[in-house]
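Count along the sequence shown starting at 1, add 7, and that's the number in our numbering.
Working notes, beginning with the structure itself.
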Amino acid sequence: MNATLGSALTTSKQSNGFVVKNPNQVINSFTIRDKDSAAATLKLNGTDQINQLKDLLKNYDMTPISTNDLAKIGSMLYQNGLIDEQVDSMFISGNNAFDANGQQTDKDVKFNAIAMFNEMLTATQGVAKANPEFAMESQQGYQVALHSLVGANQAINALAYFSNSPHSNLSVSERA
Numbered sequence: 008m009n010a011t012l013g014s015a016l017t018t019s020k021q022s023n024g025f026v027v028k029n030p031n032q033v034i035n036s037f038t039i040r041d042k043d044s045a046a047a048t049l050k051l052n053g054t055d056q057i058n059q060l061k062d063l064l065k066n067y068d069m070t071p072i073s074t075n076d077l078a079k080i081g082s083m084l085y086q087n088g089l090i091d092e093q094v095d096s097m098f099i100s101g102n103n104a105f106d107a108n109g110q111q112t113d114k115d116v117k118f119n120a121i122a123m124f125n126e127m128l129t130a131t132q133g134v135a136k137a138n139p140e141f142a143m144e145s146q147q148g149y150q151v152a153l154h155s156l157v158g159a160n161q162a163i164n165a166l167a168y169f170s171n172s173p174h175s176n177l178s179v180s181e182r183a
């Protein structure tokens, strides 16, 4: 008997990426409308950090952004303790496009990160609502996914506030 098991066990890691259903969405429940909230979301301490962040973001918009750019921003935020490892991972994964070998693809394709992270969170919550056993059986994994997506939504909206702010003198209240 001559059987080839290798091909039967091969699983593709290919994913065409997350398809944003509402690419024009810029406002959602995570939208930040004031500098103090944006600074608090990213745990920014003082005007120096805000100015550095605004400098980094001056050439970026969170609504047309690529995985490469999102990964660069996420890595900088993580290295400075402004986001955690799970949120950084969401930024690095970007639009979740991968080839059959699991390598990221379409890293320069621009997408609306505000809409994408919000829709990913809604989809994850929808799966758990439709299949409560999913959330219960993999409770730890589900909680990590929720934490990552909520954090990504909070961070991307804070970044959107700072990248779109017309004010050159943004500051935070430094009351103890």
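For glycine and all other residues, C-beta sits at the position ideal for the given N, C-alpha and C.
Given the structure is predicted, the values throughout are model-derived calculations rather than measurements.
Assign residue i to one of three DSSP states: helix, strand, or coil.
i: Q111; result: strand
i: N102; result: coil
i: S19; result: coil
i: K42; result: helix
i: D91; result: coil
i: Y168; result: helix
i: S82; result: helix
i: P232; result: Residue 232 cannot be examined here, being either before or after the span of the chain that is shown, 8 to 183.
i: N58; result: helix
i: G53; result: coil
i: E181; result: Unreliable positioning characterises E181 in this predicted model, as indicated by a pLDDT of 37, which lies under 50. A coordinate reading is not provided.
i: N125; result: helix
i: F141; result: helix
i: N66; result: coil
i: S36; result: coil
i: G133; result: helix
i: G24; result: coil
Give the DSSP bridge partners of residue i, in chain order.
i: T72; result: For the record, residue 72 in the displayed sequence is Ile; it is not Thr. Note: I72 sits in a beta bridge opposite F118.
Using CA atoms only, rank isn't needed, just tell me which of the options is closest to residue i.
i: G24; options: S73, Y85 and E140; result: S73
i: V157; options: I90, A142, N171 and A104; result: I90
i: V27; options: M83, V116, S170 and P139; result: V116
i: N171; options: M69, L51, L49 and T129; result: M69
i: Y85; options: M127, L49, I34 and P30; result: L49
i: E92; options: N35, T129, A162 and L64; result: A162
i: L168; options: A45, K65, Q147 and I34; result: A quick correction: the sequence has Tyr, not Leu, at residue 168. Ranking A45, K65, Q147 and I34 by Cα distance to Y168 puts A45 first.
i: I34; options: E144, A120 and N52; result: A120
i: S22; options: S82, T131 and T112; result: T112
Excluding the 5 residues preceding and the 5 following residue i in the sequence, name in chain order all residues of the same chain whose CB lies nearer than 6 Å to its CB.
i: A159; result: V94, M97 and F124
i: N164; result: F37, T38 and I39
i: Q32; result: A122
CB-CB under 8 Å to residue i, same chain, minus the five flanking residues each way: which ones, in chain order?
i: F141; result: V134, A135 and Y149
i: L88; result: Per the sequence presented here, residue 88 reads as Gly, with Leu not at that position. If we look at G88 and ignore the five residues flanking it on each side, its Cβ neighbours are K50.
Tell me which residues share the same chain as residue i and place their Cβ nearer than 7 Å to its Cβ, disregarding the 5 neighbours each side in the sequence.
i: M127; result: F25 and L156
i: K20; result: F105, A107, N108 and G109
Given 8 Å as the limit, is there contact between the region 153–162 and the region 126–142, that is, 3 or more CB pairs closer than that? Short answer: they touch.
Can at least three beta-carbon pairs, one atom from the region 99–112 and one from the region 63–80, be found at a separation below 8 Å? Cβ pair count under 8 Å is three or more, so yes.
Can at least three beta-carbon pairs, one atom from the region 103–123 and one from the region 52–67, be found at a separation below 8 Å? Contact annotation: the region 103–123 does not touch the region 52–67, with fewer than three C-beta pairs closer than 8 Å.
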